[in-house]
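Quick notes on the structure that follows.
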Amino acid sequence: MDDGSSFGASFGRRGSPPSTPNARPSTSSTLTARFAAQFKLAEDLVADYSKHPGPTTNTVQELLGRPALTFAEWAHDNASVFSVTDLPQP
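Each residue of the sequence shown is one higher than the last, beginning at 4 in the numbering used here.
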């Protein structure tokens with residue numbers, strides 16, 4: 004699983020988002036215990052999936068007639084959509 008660095012790299016940015024242990028203290032202190040527990044469960048499921056991904060299919064190939072793109076390829080191809088230079092000026 005990509006941590007966002009591929010997306011940032013498509014804009015010429017380096018580095019990656021803060022790791023969860025670094026981000027958690029500032030956010031979990033304002034969350035309810037129940038929400039924090041659910042967030043942790045979802046976080047653990049995503050971490051597990053990134054180590055042991057589920058089965059793959061050929062659905063993209065069947066529907067689009069081409070292989071699926073990696074996230075890095077998609078981010079590179081769509082970087083202009085997310086460009087901050089296209090924002091309206093005040």
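C-beta atoms are modelled at their ideal positions from N, C-alpha and C, and glycine is treated no differently.
- Secondary structure at S83: helix, using DSSP grouped into helix, strand and coil.
- Secondary structure at A71: coil, using DSSP grouped into helix, strand and coil.
- CA-CA distance, L67 to A36, rounds to 44 angstroms.
- The Cβ-Cβ distance between V63 and A71 falls below 7 angstroms.
- The C-beta of A78 has 16 or more other C-beta atoms within 10 Å across all chains shown, which makes the residue buried.
- Rounded to the nearest whole angstrom, the CA to CA distance from K54 to R69 is 26 angstroms.
- A straight line joining the alpha-carbon of P58 with that of D80 spans about 26 angstroms.
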